[in-house]
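Visitor:
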Amino acid sequence: MKKLLFAVCALAAISLLAPDAGFAQWENHIGIYTSADAANHCIATTPATQTSIYFVISNPRLGDGTPVAAVNAFELRVLVEGPAGSMFRLAETLPVGAINVGVSTDPYDSMYIAGWPGTTPVVGGFCSVMTWNVLFLAPGPWYFRLSPTTNPGVAGKMAINVPVGEENFLVGLMPSSDDFANPVFSAGDCVVSTETSSFGNVKALFR
4 MKKLLFAVCA
14 LAAISLLAPD
24 AGFAQWENHI
34 GIYTSADAAN
44 HCIATTPATQ
54 TSIYFVISNP
64 RLGDGTPVAA
74 VNAFELRVLV
84 EGPAGSMFRL
94 AETLPVGAIN
104 VGVSTDPYDS
114 MYIAGWPGTT
124 PVVGGFCSVM
134 TWNVLFLAPG
144 PWYFRLSPTT
154 NPGVAGKMAI
164 NVPVGEENFL
174 VGLMPSSDDF
184 ANPVFSAGDC
194 VVSTETSSFG
204 NVKALFR
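Just so you know, we're using our numbering here: the sequence shown kicks off at 4 and counts up by one.
1) Please return the same chain residues whose Cβ sits closer than 8 Å to the Cβ of Val125, not counting the five positions on each side in sequence.
2) Is DSSP giving Asp109 helix, strand or coil here?
3) DSSP three-state label for Ala190, please.
4) Hey, how far is the Cα of Trp119 from the Cα of Asn103?
5) What residue from Gly143, Val137, His32 has the CA that sits closest to Phe91's CA?
6) Whose CA, out of Leu79, Ala42, Leu140, lies closest to the CA of Lys160?
7) Considering Thr52, what are the terminal residues of the beta strand (DSSP E) in which it resides?
8) So, are the CB atoms of Leu173 and Val81 less than 8 Å apart?
9) Buried or exposed, going by whether 16 or more other CB atoms sit within 10 Å of the CB of Trp29?
10) DSSP on Val104, reduced to helix/strand/coil?
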């Protein structure tokens with residue numbers, strides 16, 4: 004419990020200084036995908052479609068470039084643009100024992116400052132820290148953005164807490180789209196390629 008509380012408090016404390024070190028292969032990025040291996044960032048949904056989406060960190064590294072082995076906390080905000088009242092989050096799965104001190108009751112605007120007593124390993128450069136099971140009741144489209152919390156632990160970024168021995172480090176994260184104004188995931192619109200585009204055709208939605 005002591006380690007869990009430390010992890011949550013470390014992310015919540017904006018005065019804590021720590022090393023600050025889209026697209027799935029970039030370092031210190033996080034995106035939303037249809038699988039934990041970050042293979043696909045969209046679905047061509049139809050009404051009454053239920054699916055799981057994964058919040059996946061890619062290639063996390065400490066400030067000195069050392070690859071991160073495991074994480075035990077994260078902070079971010081999820082913003083969803085789409086038909087009001089037509090998307091339902093049926094389940095929200097965090098690591099075992101996780102406590103979220105953010106407010107995540109609204110699936111269209113959810114805040115996470117979450118920590119857990121164990122650690123979640125980075126495997127093959129990827130680390131899935133949360134899963135949503137969502138139900139879409141309209142054709143959409145929906146666009147999902149990730150952004151910093153209202154009081155970020157790392158200024159201007161999302162963050163993870165990285166335990167290294169007896170020490171803990173906050174590492175800043177950018178969205179997989181590399182721009183907070185651009186979506187990282189879409190439902191009902193799969194026209195944008197993660198590898199070749201910057202979501203320019205939908206960026207205007209968020210201006």
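Every residue, glycine too, gets a C-beta built ideally from N, C-alpha and C.
Guide: In short:
1) Ile60, Pro63, Pro70, Val71, Ala72, Ala73, Val74
2) strand
3) strand
4) 9 Å
5) Val137
6) Leu79
7) 52 to 61
8) no
9) exposed
10) coil
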